[in-house]
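Each remark here refers to the structure printed beneath this line.
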Amino acid sequence: MTQDELKQAVGQAAADYVAANTPAGCIIGVGTGSTANCFIDTLAPIKHHFRGAVASSEATRKRLEGHGIPVLDLNDVSEMPIYVDGADEIDAGLNMIKGGGGALTREKIVAAVATTFVCICDASKQVATMGKFPLPVEVIPMAKAHVARALAKLGGQPVERAGFVTDNGNVILDVHGLSITDPKGLEAQINQITGVVTNGLFACRPANLLLLGTPDGVHSVTAA
Ligand code: 5RP
């Protein structure tokens with residue numbers, strides 16, 4: 013199976029999961045990226061099961077609306093049974109690095125409101141220790157030099173993502189060379205640096221369930 017076929021398989025598995033495990037008329041949270049796009053495309057046939065969706069990026073909002081799925085403002089939503097999104101890396105505790113697509117802040121906000129976070133990805137994203145994928149950090153533009161110096165003190169090599177501005181008008185520093193042995197501690201430590209909006213570690217709020225695409229089918233994985 014190609015990687016695209018694996019993404020389509022996990023997208024379909026996630027739509028089946030939504031149909032079977034959420035109450036009719038609920039609001040669902042939808043992530044960003046190529047795997048999330050496969051999920052969005054498989055939502056169209058079940059769109060009458062739920063009332064609408066909250067999007068984690070402008071790109072996702074446009075794709076949902078393209079399928080005729082109503083998109084709600086998160087401020088108008090108090091309960092969301094599920095958030096479905098991809099990841100750049102995921103470990104055995106279902107801690108993740110996210111933000112390869114630059115949507116990490118809105119993804120983290122939508123995930124914070126959801127009861128269950130379902131991560132969808134193929135086996136290439138599974139790692140023993142996170143950090144090979146550069147850790148994205150969203151930064152207020154005037155603080156980028158200060159934040160870069162602080163990230164270097166933590167042992168990383170921050171590189172500004174060229175020509176990229178987030179949906180929130182900020183920049184991304186991708187931090188190379190980290191070996192993340194304490195994901196929760198590092199997530200909190202980086203978020204304490206003045207000028208950081210948030211970082212792409214999802215460890216304080218990890219996934220509850222991983223739908224993992226493999227050549228012999230989609231496996232449901234919970235935290236070890
Ligand atoms: C976007 C993300 C994505 O979920 C992550 O980058 C994975 O993307 P893809 O499914 O395209 O590999 O965090 O900000």
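Under our numbering, the first residue of the sequence shown is numbered 13, with each subsequent residue one higher.
Using N, Cα and C, we set each Cβ at its ideal position, and we do this for glycine too.
Check, Outcome
"First through last residue of the beta strand (DSSP E) which encompasses Gly229", "229-233"
"Three-pair Cβ contact test at 8 Å for the segment 109-124 versus the segment 154-169", "no"
"Expected contact under 8 Å - CB spacing of Val208 and Val183 to nearest Å", "With 8 Å as the limit, Val208 and Val183 do not qualify as a contact, their Cβ atoms being about 11 Å apart."
"Rounded Cβ spacing between Leu116 and Gly212 (contact assumed at less than 8 Å)", "4 Å"
"Whole-angstrom distance between Ile121 and Ile40, CA atom to CA atom", "13 Å"
"Element boundaries [beta strand (DSSP E), containing Gln169]", "169-172"
"Where the alpha helix (DSSP H) containing Cys50 begins and where it ends", "46-55"
"Cβ shell of Glu70 (< 8 Å), same chain only, five flanking positions each side left out", "Asp179"
"Supposed contact pair Thr128 and Ile94 - C-beta distance, whole angstroms, cut 8 Å", "5 Å"
"The alpha helix (DSSP H) enclosing Ile202, as first and last residue numbers", "195-203"
"Top-ranked residue by Cα proximity to Ala36, from Ser46, Gly43, Phe51, Lys59", "Lys59"
"Cα-Cα separation between Leu163 and Ala174, rounded to whole angstroms", "18 Å"
"Segment contact flag, the segment 128-144 with the segment 71-91, C-beta cutoff 8 Å, min 3 pairs", "no"
"Nearest-angstrom Cα separation, counted from Glu77 out to Asp88", "18 Å"
"Distance, Pro146 Cα to Thr47 Cα", "19 Å"
"Start-end ranges of the alpha helix (DSSP H) lying completely within the segment 122-173, minimum 4 residues", "156-165"
"Ile81, DSSP secondary structure in three states", "coil"
"For Ala244, the residue or residues it bridges with in DSSP", "An answer regarding residue 244 cannot be provided, because it is not within the stretch 13 to 236 covered by the chain."
"Sheet register partners of His188 (DSSP bridge)", "Gln169"
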